[in-house]
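Participant: Take this structure first; my questions come after.
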DNA sequence: AAAAGCCCCTGGATGC
DNA sequence: TGCATCCAGGGGCTTT
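Numbering (our numbering), first residue to last: 1 to 271.
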């Protein structure tokens, strides 16, 4: 579910509310991707400093240590002074003096991991390979071009891999490539300089607009305050196979790349 | 080093 | 409220 915009929308929806809170208790449901990495009771009494985002990870900084959260494919958070009774897919809950934070994740591809610091082994492994933040100043076209040059794989798959640039998932990869007029199957290394510049701009544009729209809610995504996104109504190609391109009218096509579907316009994205 | 496939898991949609 | 099949916002791990 959640790509960078959804994760950032989630962060913004509870970061201020939880900052400064003292942890009272922590509750776990079924196993997520990794074990928590500490005894839940150990965290009682610690204070939440703030919430950051790195790629699709949320980092909850404590006065000692931090929690890494990932929403996987189907995860969403809720934060409220009082939450309703927990359901079968609620697998993590943090009760604090300022409210409770709960992760609902039916497929359990998500993760909640405690780390002493960002350099702890697992945290380092997860965060260490992440590419540049696309909405930061660090993401410039020059650097992007350099990163793409050494990758011969299809540009769509390089975007999804997240080691050149983070946060672009399956929806926004298709959308950004459409905006840039680039066929998803083209080798990343073979993209000309001007096309990389267009793609760089397209990624920032699409992620920025999705963020403004509260992200995309395909099934059940909502922010931690329950707001659903509406960017799914603005997609140009994603999940629009067979429908007319909103620019040229030609039927949108789809294909499989690395067991994920990709959507594109055969006319607007000729190469 | 990079690329390709596999797998984790549940549920909804579609087809028979 | 049958059963089988396919598909879904991700990404770490193993194998080539």
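Just so you know, even glycine gets a beta-carbon here, dropped at the ideal spot from N, CA and C. Treat the numbers as computed from the prediction; the structure is a model and nothing was measured.
Using C-beta distances below 6 Å, list every residue in its chain close to residue 251, excluding the 5 sequence neighbours before and after it, in chain order.
Facilitator: To locate residue 251, count along the first chain from 1; it is residue 251. For residue 251, where only same-chain residues beyond five positions count, the Cβ hits under 6 Å are 242.
Participant: Looking only at its own chain, which residues have a Cβ that is under 6 Å from the Cβ of residue 129, when we skip the five neighbours before and after it?
Facilitator: Translated into the one-based positions of the first chain, residue 129 becomes position 129. Taken in chain order, the residues that qualify are 163.
Participant: Can you determine whether any heavy atom of the ligand ATP sits closer than 7 Å to the C-beta of residue 125, and answer yes or no?
Facilitator: Ligands in the displayed structure: none, and consequently the ligand ATP is not present.
Participant: To the nearest angstrom, how far is the alpha carbon of residue 204 from that of residue 245?
Facilitator: Working through the first chain from its first residue, we reach residue 204 at position 204. Working through the first chain from its first residue, we reach residue 245 at position 245. Those two C-alpha atoms are separated by around 22 Å.
Participant: Opposite residue 257 in the DSSP bridges: which residues?
Facilitator: In the first chain, residue 257 corresponds to position 257, counting from 1. According to DSSP, which records beta bridges pairwise, residue 257 is partnered with 260.
Participant: Return helix, strand or coil for residue 93, following the three-state DSSP convention.
Facilitator: Along the first chain, one-based indexing puts residue 93 at 93. Strand.
Participant: Going residue by residue through the stretch 55-91, where are the continuous beta strand (DSSP E) segments of at least 3 residues, counting only ones entirely within it?
Facilitator: DSSP runs (the beta strand (DSSP E)) wholly in the stretch 55-91: 57-62, 66-70 and 76-80.
Participant: Name the residue from 68, 192 and 92 whose alpha carbon lies nearest to the alpha carbon of residue 79.
Facilitator: One-based indexing of the first chain puts residue 79 at position 79. Closest by alpha carbon: 92.
Participant: Can you give the Cα-Cα distance for residue 30 and residue 40, rounded to whole angstroms?
Facilitator: Here residue 30 is taken as the residue at index 30 of the first chain, counted from 1. Here residue 40 is taken as the residue at index 40 of the first chain, counted from 1. Going by the C-alpha atoms only, they are around 14 Å apart.
Participant: Considering only residues of the same chain and omitting the five flanking positions on each side of residue 21, which have a CB-CB separation below 6 Å?
Facilitator: Here residue 21 is taken as the residue at index 21 of the first chain, counted from 1. Excluding residues within five positions, the ones whose Cβ falls inside 6 Å are 48, 96, 97 and 98.
Participant: Nearest to residue 109 by CA position, among 145, 177, 150 and 57, is which residue?
Facilitator: Position 109 of the first chain, counted from the start, is the residue given in the question as residue 109. It is 57.
Participant: When we look at the beta-carbon of residue 134 and count the other beta-carbons within 10 Å, is it buried (16 or more) or exposed?
Facilitator: Counting from 1 along the first chain, the entry for residue 134 is found at position 134. Classification of residue 134: buried, given that the 10 Å Cβ count is 16 or more.
Participant: Go to residue 104, then tell me how far its beta strand (DSSP E) extends in each direction, as first and last residue.
Facilitator: Counting from 1 along the first chain, the entry for residue 104 is found at position 104. First-last of the beta strand (DSSP E) with residue 104: 99-104.
Participant: Tell me, which residues are paired with residue 217 by DSSP?
Facilitator: In the first chain, counting from the first residue as 1, residue 217 sits at position 217. In DSSP, residue 217 forms no bridge with anything.
Participant: Taking residue 33 as the reference, give the member of 188, 112 and 213 with the closest Cα.
Facilitator: Indexing the first chain from 1 puts residue 33 at position 33. The option with the nearest alpha carbon to residue 33 is 112.
Participant: If you draw a straight line from the C-alpha of residue 253 to the C-alpha of residue 202, how long is it?
Facilitator: Residue 253 sits at position 253 when you count from the first residue of the first chain. Residue 202 sits at position 202 when you count from the first residue of the first chain. Residue 253 and residue 202: Cα-Cα distance of roughly 20 Å.
Participant: Scan the stretch 151-236 and note each continuous beta strand (DSSP E) run of 3 residues or more that stays entirely inside, going in chain order.
Facilitator: DSSP runs (the beta strand (DSSP E)) wholly in the stretch 151-236: none.
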